[in-house]
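Scroll down for the structure; my scribbles are underneath it.
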Amino acid sequence: MTRIVKVWDLPVRLFHWSLVLLVVSSFVTGKLGGTWLEWHFRSGYCILALLLFRVVWGLAGSQTARFSDFVHGPARVLAYSRSLLGGRTPFHAGHNPMGGLMIVLMLVLLLVQATTGLFADDDIAARGPLADKAPGAIVSLFTTVHRININVILACVALHICAALFYLVVKKDNLIGPMITGSKPVPDDHPAPSLTSPARAAIVLAAVAAFVVWLVKFYPR
Amino acid sequence: MKKLAIAVLGLAGVVSFSAQAQLKPEDAIKNRQAAMKLVGYNFGSVGAMVNDRKPYNKDEAIRNASRIDALSSQPFEFFGAGTDKGDTKAKGGCLERHGAKFTAASEKFQAEAAKLAQVARAGDMAALKAQFNATAGTCKACHDDFREK
Ligand code: HEM
Chain F
1 MTRIVKVWDL
11 PVRLFHWSLV
21 LLVVSSFVTG
31 KLGGTWLEWH
41 FRSGYCILAL
51 LLFRVVWGLA
61 GSQTARFSDF
71 VHGPARVLAY
81 SRSLLGGRTP
91 FHAGHNPMGG
101 LMIVLMLVLL
111 LVQATTGLFA
121 DDDIAARGPL
131 ADKAPGAIVS
141 LFTTVHRINI
151 NVILACVALH
161 ICAALFYLVV
171 KKDNLIGPMI
181 TGSKPVPDDH
191 PAPSLTSPAR
201 AAIVLAAVAA
211 FVVWLVKFYP
221 R
Chain R
1001 MKKLAIAVLG
1011 LAGVVSFSAQ
1021 AQLKPEDAIK
1031 NRQAAMKLVG
1041 YNFGSVGAMV
1051 NDRKPYNKDE
1061 AIRNASRIDA
1071 LSSQPFEFFG
1081 AGTDKGDTKA
1091 KGGCLERHGA
1101 KFTAASEKFQ
1111 AEAAKLAQVA
1121 RAGDMAALKA
1131 QFNATAGTCK
1141 ACHDDFREK
């Protein structure tokens, strides 16, 4: 038997869907270039703040948000991936081991993207706010990484979406709905995850946002 | 005999050099990068003014914009044969393989650069900003097509 249980707290869900919107807007404004880069920078700063928030939330947030809940060694990941092909997969209230791997991968790739962006220079009209602080070789290296890493991010996003659809269609397990509503059916013998108060999330977000503002507006002066 | 051979070879070298009357490819590459850098330096200065990152100064804007205009054809004299290899980000043989398209891109840029110099002299900030953006579009179009990432 199952019952409906809240597994994703509001901060995780808001993080997820604002990241979706912001990655799309960063991608589009980055490719457009020129004056769009003004918006590209703003969108990138928001992503940076979100990522820092998510790292803190992964250490001090709700149970299903914590890295300790979904980061596993290669043996667990491999065993889980085998069970995926075998048909019967163990139940996870939060992220399954492969999903956990994807989250870490995307957080790292996006952190690389946002950090290199701070130093990037398009050689025409836009320079990241920290470009003046770094030697030219770093600026050109980071700009190149920024331009190439986006393709790796796109590939991961595509894989991520395909995986969600695979679960929906093949495994008959809707992962997308719970990321919107927060709740899903959980077997009776699984305890409900403990969720941390969103007030704590608001404080963390305010702190990392202040740090980002300092980093891009005040520190470069 | 040996001395004669060296003398002949040396002479042949001098003759072929002066017949080409050209720079060595690596010097051509350095020159075009230097020219682009100067364009970039002046363009960045105008950009900082129109985007409020530094105070607008009409004389400085005029100076920057007329230098861009004066330099706008300079880099493109250094894209000849043999300059596709070496310490360069230009995509293989800009002029040799993409002649018409590359030249068209450089001419668009030169036309916008000439307008930029005119507009700077008029001293209208809004017009300068618009013309700056139009010019930046021609830089980007060429870099997207002809410059490695
Ligand atoms: C994680 C968030 C970000 C994403 C997904 C992203 C994505 C992109 C993309 C797709 C491009 C176009 C690359 C190309 O020409 O193919 C680009 C260019 C650029 N981005 Fe970002 N970016 C992000 C964050 C930032 C940040 C925070 C800054 C700096 C404040 C920044 C500064 C730049 C600059 C200066 C360029 C122009 C480089 C060039 O292509 O010449 N980006 N970005």
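Chains as they are written, first to last, in our numbering: chain F, 1 to 221; chain R, 1001 to 1149.
By construction, the Cβ of each residue, glycine as well, lies at the ideal position given by its N, Cα and C atoms.
Taking all protein chains shown into account, F/P185 has fewer than 16 neighbouring C-beta atoms within 10 Å of its C-beta and is therefore exposed. Fully contained in the region 1026-1114 of chain R are the following alpha helix (DSSP H) runs of length 4 or more, in chain order: 1058-1071. At least one heavy atom of ligand 1 sits closer than 8 Å to the Cβ of F/A120.
Taking 9 Å as the threshold, the shortest C-beta distance from R/G1040 to chain F falls below it. The closest heavy atom of ligand 1 lies less than 8 Å from the beta carbon of R/K1149.
F/I4 is bridged by DSSP to F/P185. Across the region 1124-1143 of chain R, CB contacts with chain F closer than 8 Å involve F1132, N1133, A1136, G1137, C1139, K1140, H1143, in sequence order along the chain. One alpha carbon belongs to R/G1093, the other to R/K1108, and they sit about 20 Å apart. With contacts defined as CB atoms closer than 9 Å, F/R76 and F/M179 fail to qualify as a contacting pair.
Cα atoms of R/E1060 and F/G177: separation of roughly 58 Å, rounded to the nearest angstrom. Look at the region 120-193 of chain F and you find these whole runs of alpha helix (DSSP H), each 4 residues long or longer: 136-169, 176-181. Ligand 1 never approaches F/I103 closely enough for any of its heavy atoms to be under 8 Å from the residue's Cβ.
DSSP lists R/A1090 as the bridge partner or partners of R/R1147.
F/W214 counts as exposed, since fewer than 16 other beta carbons sit within 10 angstroms of its beta carbon. For R/D1084, the closest alpha carbon among the candidates R/A1028, R/A1100, R/Y1056 is that of R/A1028.
Residues of chain R with a Cβ closer than 7 Å to the Cβ of F/G33 are, in chain order, K1140.
Taking the Cα positions, F/H92 is about 25 Å away from F/L50.
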